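Residue numbers (this note's numbering): 2 to 233.
What follows is a set of notes on a single structure, which appears directly below.
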């Protein structure tokens with residue numbers, strides 16, 4: 002079961018979920034950036050399943066920026082891109098401090114708002130080797146000052162894999178095509194997969210939006226991609 006660990010952001014304690022595989026490393030590391038549900042059952046499952054597959058994984062609690070959990074629906078008023086990047090930096094640093102971290106760099110992944118955050122993180126930090134994005138809505142809009150994640154894609158040094166539902170409205174299929182074109186123009190190596198009869202949030206096995214076939218296919222593709230790119 003994923004343990005809670007403490008990170009430091011602007012000198013303040015921030016909790017995170019962390020787990021690594023059993024046995025002796027080295028293990029590749031992955032930063033997990035969560036969905037609207039926060040450090041939910043789904044986020045626990047992601048961290049735990051990644052560890053079971055041989056990855057060291059950490060998921061920071063971005064909601065520490067909110068005045069209270071009652072503000073989740075207004076999260077964009079507090080989760081500025083600069084703040085999200087601070088959380089990602091703290092999580093990445095925690096992984097880098099582990100003696101048994103190894104492999105070819107560190108990966109980043111996220112779902113829903115986390116898909117947007119993972120895109121932002123990869124664009125702001127060229128040290129990431131691989132990034133997996135699931136249905137990251139609002140990627141064409143900035144949060145706080147500065148460019149939107151889609152305006153930063155030239156900064157991506159990672160290989161990218163993305164997963165989308167054709168019935169999603171945010172991002173819409175048109176948005177996915179635009180992001181595909183932007184990554185191609187920026188010379189970012191990437192691969193997108195879109196699923197029929199599938200909408201937003203399809204990988205969350207704890208929600209009504211779950212689509213088993215699409216979820217299992219995307220997770221199998223993503224973990225194989227991460228294992229290949231982050232191989233020890």
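Idealized CB from N, CA, C, for every residue including glycine.
Predicted, not measured: the structure shown is a model, and the values here were computed from it.
- Going by beta carbons, residue 119 and residue 131 fall outside the 8 Å limit.
- The shortest CA-to-CA distance from residue 31 to any of 48, 11, 6, 2 is the one to 48.
- In this structure residue 161 is in contact with residue 184, their Cβ atoms being roughly 6 Å apart against a cut-off of 8 Å.
- Assignment of residue 9 by DSSP, reduced to helix, strand and coil, places it in the strand class.
- Here residue 118 carries a helix assignment [DSSP, helix/strand/coil].
- Within the DSSP bridge table, the entry for residue 135 names 112, 164 as partners.
- Within the region 23–55, the complete alpha helix (DSSP H) runs of at least 4 residues fall at 42–53.
- For residue 149, the closest of 59, 137, 195 by C-alpha to C-alpha distance is 137.
- When DSSP reads this structure, residue 19 sits in a beta bridge with 4, 59.
- For the options 165, 60, 78, the alpha carbon positioned closest to that of residue 197 is the one of 165.
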